[in-house]
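The letter at position 28 of the sequence shown is residue 28 when you use my numbering, and the numbering goes up by one with no holes.
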Amino acid sequence: MNVQAVAERLDDAAREARALPGGTTGLTTTDEAYAVQQALVARKVARGERITGFKLGFTSVAKMRQMGVSDLIHGRITDRMEVADGGSLDTTRLIHPRVEPEVAFLLGDVLRPGGDPSAAVAAVAPALEVIDSRYDGFRFSLPEVIADNTSAAGYALGPWSAPGDLGNLGVLLELDGRLAQTGSTAAILGHPLRALAAAARLAGELPAGTVILAGAATAAVPLPPGTHVRATVAGLGTVALTTDKGVTA
Ligand code: OOG
Ligand code: MG
Numbered sequence: 001m002n003v004q005a006v007a008e009r010l011d012d013a014a015r016e017a018r019a020l021p022g023g024t025t026g027l028t029t030t031d032e033a034y035a036v037q038q039a040l041v042a043r044k045v046a047r048g049e050r051i052t053g054f055k056l057g058f059t060s061v062a063k064m065r066q067m068g069v070s071d072l073i074h075g076r077i078t079d080r081m082e083v084a085d086g087g088s089l090d091t092t093r094l095i096h097p098r099v100e101p102e103v104a105f106l107l108g109d110v111l112r113p114g115g116d117p118s119a120a121v122a123a124v125a126p127a128l129e130v131i132d133s134r135y136d137g138f139r140f141s142l143p144e145v146i147a148d149n150t151s152a153a154g155y156a157l158g159p160w161s162a163p164g165d166l167g168n169l170g171v172l173l174e175l176d177g178r179l180a181q182t183g184s185t186a187a188i189l190g191h192p193l194r195a196l197a198a199a200a201r202l203a204g205e206l207p208a209g210t211v212i213l214a215g216a217a218t219a220a221v222p223l224p225p226g227t228h229v230r231a232t233v234a235g236l237g238t239v240a241l242t243t244d245k246g247v248t249a
C-alpha cells in the first residue's frame, strides 16, 4: 500500500465525481488510513483550500447501524466545503451526496486532550453535513472511509449561540418540507460534549477558532438535485441549503 498513491486515487475520484470500487485500496490498518487522509488533505491545502475544522463520524448508533461500522472516526473540513446558511450547493461535482443533521461547536479557547470541553466552547450551532463517499454505493471498510476523509463533502452552519444544556435537544431533518429524519442530540455519544472531548483526544490539540462537527444524530438521507433541506435543533434554531438543479441539456 502506497500512501501517496491511494491519496491521489481518492483525490482524483472526488475531483472527477467518479466512485472507486471499495476493497481496492489495499488499506488494512487505521494508522495507514489516517496517513492517507493526511496526504489527501495536504493535496487540498496545496491547491489553496484552508482547513476550517474537524469532524467526527459514527458518534451515533443510527449512523453506525446505517453504515455497518462501529468505531469513531475523524476527518477535516475546509473552506471549500462550506455553504452559507440558506445558500446553494452544486451537487453536479458530487457523486451520490447524502445529508445529515448535526451540531457544530466553535472553540473560543484551545482544547487539549483531557481538557474541559465546555470551558473551551464559545458557541454552538445547528449544522447540515453533506457526505459523498468516494466509494461505490457508500460501501467501504473502516480504513477506507477514514482514508476518504470520512466522506466529507460539504457543510452549512446555522446561527451561533451561547451553549446551554445540549444533552437532549430534538433534531429534525426536512427535505422540501417533508420530514426525513428525527432524533435527539442525546444520540451523539449520549451528549454532544462527549464528541468534543473525543475530538480533542483524537486530534491531539484543537486551536481556538476551530469548528467541530459532532457527528450526525440520525441516519443520512440521499440529497437529490433541486432539493431544499433544513435541519432544526430545538433551542438552537435552523440551518438550510438548496441543491442546484444541475445542468439541463
Ligand atoms: C461516513 C461519515 C460519517 C457522521 O456524522 O457519522 C459521518 C459516512 O457515513 O459515509 O459524517
Ligand atoms: Mg457527519
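The C-beta atom is built at its ideal place from N, Cα and C for all residues, glycine as well.
**OP:** Only counting runs of 3 or more residues, tell me where the beta strand (DSSP E) segments fall wholly within the region 192-236, in order along the chain.
**Re:** Counting only runs of 3 or more, we get 211-213 and 228-233.
**OP:** For G183, name the three-state secondary structure that DSSP assigns.
**Re:** Residue 183 sits at position 183 when you count from the first residue of the sequence shown. DSSP, read as helix, strand or coil, puts G183 in strand.
Original post:
Can you give the Cα-Cα distance for A249 and G226, rounded to whole angstroms?
Top reply: Counting from one through the sequence shown, the residue named residue 249 turns up at place 249. Counting from one through the sequence shown, the residue named residue 226 turns up at place 226. The predicted model places A249 with a pLDDT of 44, which falls under 50 and marks its position as unreliable; any figure quoted below should be read in that light. Answer to the nearest angstrom: the Cα atoms are 16 Å apart.
**OP:** Could you check which residue in P117, A127 and L10 has the C-alpha nearest to that of R18?
**Re:** The count along the sequence shown starts at 1 and reaches residue 18 at position 18. R18 has its Cα closest to that of L10, out of P117, A127 and L10.
**OP:** Have a look at V211 and P126 and give me their C-alpha separation to the nearest angstrom.
**Re:** The residue labelled residue 211 in the question sits at position 211 within the sequence shown. The residue labelled residue 126 in the question sits at position 126 within the sequence shown. C-alpha of V211 to C-alpha of P126: approximately 12 Å in a straight line.
Original post:
From what residue to what residue does the alpha helix (DSSP H) around K63 run?
Top reply: On the sequence shown, position 63 is the one that residue 63 refers to. For K63, the enclosing alpha helix (DSSP H) starts and ends at V61 to M67.
Original post:
Can you name the residues that DSSP bridges to Y34?
Top reply: Taking the first residue of the sequence shown as position 1, residue 34 is located at position 34. DSSP, once it has assigned bridges, lists no residue as partnering Y34.
**OP:** Report yes if the C-beta of E100 is less than 7 Å from at least one heavy atom of ligand 2; otherwise report no.
**Re:** Taking the sequence shown and counting its residues from 1, the one referred to as residue 100 is at position 100. For ligand 2, at least one heavy atom lies less than 7 Å from the Cβ of E100.
**OP:** Have a look at G209 and A122 and give me their C-alpha separation to the nearest angstrom.
**Re:** By 1-based counting over the sequence shown, the position of residue 209 is 209. By 1-based counting over the sequence shown, the position of residue 122 is 122. The straight-line gap separating the alpha-carbon atoms of G209 and A122 is approximately 9 Å.
Original post:
Within the chosen definition, does the region 96-106 reach the region 68-83 through at least 3 CB pairs nearer than 8 Å?
Top reply: Touching, no.
**OP:** Within 10 angstroms of the Cβ of T232, are there 16 or more other Cβ atoms? Answer buried if so, exposed if not.
**Re:** In the sequence shown, counting from the first residue as 1, residue 232 sits at position 232. Around the beta-carbon of T232, 16 or more other beta-carbon atoms lie within 10 Å, marking it buried.
**OP:** Can you say whether E205 is buried or exposed, counting buried as having 16 or more other CB atoms within 10 angstroms of its CB?
**Re:** Residue numbering aside, residue 205 sits at position 205 when the sequence shown is read from its first letter. In summary, E205 is exposed, with fewer than 16 beta-carbon neighbours lying within 10 Å of its beta-carbon over all protein chains present.
**OP:** Taking the CB atoms as reference points, tell me whether L213 and A156 lie closer together than 8 Å.
**Re:** Start at 1 with the first residue of the sequence shown, and residue 213 comes out as number 213. Start at 1 with the first residue of the sequence shown, and residue 156 comes out as number 156. The answer is no: Cβ separation not under 8 Å.
Original post:
When DSSP builds the beta bridges, which residues end up paired with I131?
Top reply: In the sequence shown, counting from the first residue as 1, residue 131 sits at position 131. Beta-bridge pairing by DSSP links I131 to R98 and A152.
Original post:
L173 lies in the beta strand (DSSP E); which residues open and close that run?
Top reply: On the sequence shown, residue 173 is found 173 positions in, with the first residue counted as 1. Looking at the DSSP string, the run of the beta strand (DSSP E) that includes L173 is G170 to L175.
Original post:
How would you call L107, buried or exposed, if buried means at least 16 neighbouring beta carbons within 10 angstroms?
Top reply: The residue you call residue 107 lines up with position 107 of the sequence shown. When all chains shown are included, L107 counts as buried.
**OP:** With a threshold of 7 Å, establish whether the CB of M1 neighbours any heavy atom of ligand 1.
**Re:** Within the sequence shown, the letter at position 1 stands for residue 1. No, since every heavy atom of ligand 1 falls outside the 7 Å radius drawn around the Cβ of M1.
Original post:
From L20 to Y135, what distance separates their C-alpha atoms?
Top reply: The residue labelled residue 20 in the question sits at position 20 within the sequence shown. The residue labelled residue 135 in the question sits at position 135 within the sequence shown. Spanning the two alpha carbons is a distance of roughly 5 Å.
Subject >> Near ligand 1: A156 beta-carbon under 7 Å from a heavy atom >> reply: The sequence position of residue 156 within the sequence shown is 156, counting from 1. With a threshold of 7 Å, the Cβ atom of A156 does not count as near ligand 1, since no heavy atom of the ligand is closer than that.
**OP:** Would you identify the three-state DSSP class for L111, choosing helix, strand or coil?
**Re:** Position 111 of the sequence shown holds residue 111. The answer is strand: DSSP assigns L111 an E or B state.
Subject >> Cα-Cα separation, P192 to R15 >> reply: Residue 192 sits at position 192 when you count from the first residue of the sequence shown. Residue 15 sits at position 15 when you count from the first residue of the sequence shown. Straight through space, the alpha carbons of R15 and P192 are spaced by roughly 32 Å.
Subject >> Distance cut-off 7 Å: A198 Cβ against heavy atoms of ligand 1 >> reply: For the purposes of this step, residue 198 is taken as the residue at position 198 of the sequence shown. No; taking the cut-off as 7 Å, the Cβ of A198 has no heavy atom of ligand 1 nearer than that.
**OP:** State the DSSP-derived secondary structure class of E49, mapped to helix, strand or coil.
**Re:** Position 49 of the sequence shown holds residue 49. For E49, the secondary structure class from DSSP, reduced to helix, strand or coil, is coil.
Original post:
Is any heavy atom of ligand 1 found at a distance shorter than 7 Å from the C-beta of M81?
Top reply: The residue labelled residue 81 in the question sits at position 81 within the sequence shown. Checking the Cβ of M81 against ligand 1 gives no.
**OP:** Mark A219 as exposed unless 16 or more other C-beta atoms lie within 10 angstroms of its C-beta, in which case mark it buried.
**Re:** Mapped onto the sequence shown, residue 219 falls at position 219. Around the C-beta of A219, 16 or more other C-beta atoms lie within 10 Å, and the residue is accordingly described as buried.
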